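Student: To start, I am sharing the structure in question, which I have written as structure tokens.
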Amino acid sequence: MIHNETVDNILSRRTIREYEDRQITDEQLETLLGCAMWAPSARNGQPCHIRAVQDKALLDEMNADFKNLVGWDTPAYTNWNKNPFYQNAPTVLFMYGTGENYMDGGIMVENIALAAKSMGLGSCIIGSIGGLLASDEGNKWKSRLDVPEDYRFLIAIAVGYGAEEPAPKERKKEQFIVVK
Ligand SMILES: Cc1cc2nc3c(=O)[nH]c(=O)nc-3n(C[C@H](O)[C@H](O)[C@H](O)COP(=O)(O)O)c2cc1C
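According to the working numbering, the residues represented by the sequence shown are 2 to 181, in order.
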């Protein structure tokens with residue numbers, strides 16, 4: 002396998018669920034948004050919209066709304082009982098699509114995760130909050146985040162200075178086959 006800066010950045014990214022209590026810089030946030038913006042999209046539709054939230058009170062309110070809806074003890078998500086959905090990260094980017102643009106959103110969110118890693122930041126992609134934001138009960142959050150009513154929640158990603166170094170998770174190598 003070839004190793005270079007880009008490849009090693011991809012290989013060494015891990016989901017981070019513990020964060021330091023310090024905010025990322027405006028320049029780092031601008032870089033994350035720039036890298037998101039330059040993600041490819043189907044037919045260059047550019048359907049994804051991001052709301053970058055750095056307001057802890059808002060995130061905690063959303064977390065309470067979320068857990069009240071799906072249950073405080075639901076063991077479905079990692080760190081469910083220990084951390085809020087956003088893993089106490091100082092910045093969370095919420096992505097909405099003009100339609101069901103899950104593929105475009107997935108590509109964009111990985112751009113953000115890798116850009117974060119390249120700047121020494123950790124990240125955690127967050128689908129669980131869709132339990133609230135993609136539901137009827139979550140509609141109130143569209144106005145809070147200044148998102149039009151008819152947009153769909155796609156995915157979120159928490160970003161900050163990581164406070165853990167998790168071990169790599171085993172990959173299913175047998176799923177990758179070369180046909181020549
Ligand atoms: C679409 C998607 C949704 C995810 N949602 C959550 C989530 O809601 N909460 C969480 O803690 N991790 C979430 N993750 C992180 C995965 O659990 C993590 O990527 C996986 O366990 C592999 O670990 P790694 O990223 O360190 O390789 C999500 C990842 C993806 C790609």
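Cβ atoms here follow ideal geometry from the backbone N, Cα and C, with glycine treated the same way.
As the structure is a computational prediction, the values presented were derived from the model and not from experiment.
#1: Sort out for me which residues DSSP pairs residue 157 with in a bridge.
#2: Within this structure, are the beta carbons of residue 147 and residue 52 separated by less than 9 Å?
#3: Under 8 Å from any heavy atom of ligand 1, does the C-beta of residue 20 make it?
#4: Quick one: what does DSSP say residue 52 is sitting in, helix, strand or coil?
#5: So the alpha helix (DSSP H) residue 142 belongs to, where does it begin and stop?
#6: What residues in its chain sit with their C-beta under 7 Å from that of residue 119, if we drop five residues either side in the sequence?
#7: Is the CB-CB distance between residue 115 and residue 15 below 9 Å?
#8: Drop a sphere of 10 angstroms on the beta-carbon of residue 29, count the other beta-carbons inside from all chains shown, and report buried for 16 or more, exposed for fewer.
#9: Tell me, please, which residues DSSP counts as bridged to residue 163.
#10: In whole angstroms, what separates the C-alpha of residue 88 from that of residue 3?
#11: Using a Cβ-based criterion (distance less than 8 Å to any ligand heavy atom), does residue 64 qualify as near ligand 1?
Tutor: Result, derived from the coordinates:
#1: 95, 127
#2: yes
#3: no
#4: strand
#5: 140 to 145
#6: 10
#7: no
#8: buried
#9: 20
#10: 34 Å
#11: no
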